[in-house]
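Data first, discussion second: the structure below is written as C-alpha cells.
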Amino acid sequence: MFRNKIQTLSAISLGLALLCPVSVQAHGNEKHAAPALFVGESTAAAQAVKAFHQALRAGDANAARAMLADDVLIVEGNGVERSADEYASHHMLADMKFMAAVQVEALEHQTKVLGKVAYSVSRSQLTGEYKGKPVDVISKETLVLVDNGDGWKIVHVHWSH
C-alpha cells in the first residue's frame, strides 16, 4: 500500500515535470541582460534630435524650424503637415506651449545612423498640466533625418501618445 502511494506520487511528479515548459527547467534563475534603451546618443544625428526638442521646449520657433527640412512630413494624431512652413504656421506654436508646460522623462531613445540617413525612436513619459487638464502619457516619437552636407535635417516626424 505504501509502495503504491510512492509510485502514484512519483507518477504525478513526473507528469507535472513534463508539463512544465522546458525553458523553465533549462534556465532556472538565469538573468538575461536588459536591452540597451539609450543607443547612439553621442551621434551628430541624436544631437540634432535633442536640439530640436530643446528648441520646442524653449519656445524657439526659429531654431526648431531650422532643424526641419523644407519638405518635412509630420504625422501627429489624425493630422499630417507636409512642410516645415505648414508646421510652423499651424501646430508648432501649440507644440511649444505644450512642451513648456509638461515634464519630460526620457524612457528610451535609440538613434541609428545609416550613412547619410538616420532614424531616431524614443519613448518619453510626459506629466504635468496643460490647459487645465492633467497630462500623464507615454509619448512615442519616430524621426527620420538626412545629412544634407550642412548638418542633419529632420525629413519625417511621427508622434503618437
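In full-length UniProt numbering, the protein residues as written are 1 to 161.
Even glycine gets a Cβ: it sits at the ideal position worked out from N, Cα and C.
Since the structure is predicted, the reported quantities are computational estimates derived from the model, not experimental observations.
Buried/exposed call for residue i, threshold 16 Cβ in 10 Å
{"i": "E81", "result": "buried"}
{"i": "F38", "result": "exposed"}
{"i": "A118", "result": "buried"}
{"i": "D150", "result": "exposed"}
Sheet register partners of residue i (DSSP bridge)
{"i": "K153", "result": "V146"}
{"i": "K112", "result": "Y119"}
{"i": "H158", "result": "V75, T142"}
{"i": "S124", "result": "A106, S139"}
{"i": "K133", "result": "Y130"}
{"i": "F38", "result": "H109"}
{"i": "E86", "result": "Looking at the DSSP assignment, E86 forms no beta bridge with any residue, so it has no partner."}
{"i": "V80", "result": "V75"}
Assigned secondary structure, residue i (DSSP; H/G/I helix, E/B strand, else coil)
{"i": "A26", "result": "Summary for A26: the model assigns pLDDT 49, below 50, so the residue's position carries little reliability; its value from the coordinates is reported in the next sentence. Helix."}
{"i": "L68", "result": "strand"}
{"i": "K31", "result": "coil"}
{"i": "H91", "result": "coil"}
Within 8 angstroms, strictly: CB atoms of residue i and residue j
{"i": "A48", "j": "R65", "result": "no"}
{"i": "A69", "j": "V155", "result": "yes"}
{"i": "H109", "j": "S122", "result": "yes"}
{"i": "H158", "j": "V72", "result": "no"}
{"i": "V102", "j": "V146", "result": "no"}
{"i": "G59", "j": "A100", "result": "yes"}
Integer Cβ distance of residue i from residue j, believed to fall under 8 angstroms
{"i": "L143", "j": "S120", "result": "4 angstroms"}
{"i": "K140", "j": "M67", "result": "Not really, about 19 angstroms apart at Cβ, beyond 8 angstroms."}
{"i": "A51", "j": "V113", "result": "Not really, about 16 angstroms apart at Cβ, beyond 8 angstroms."}
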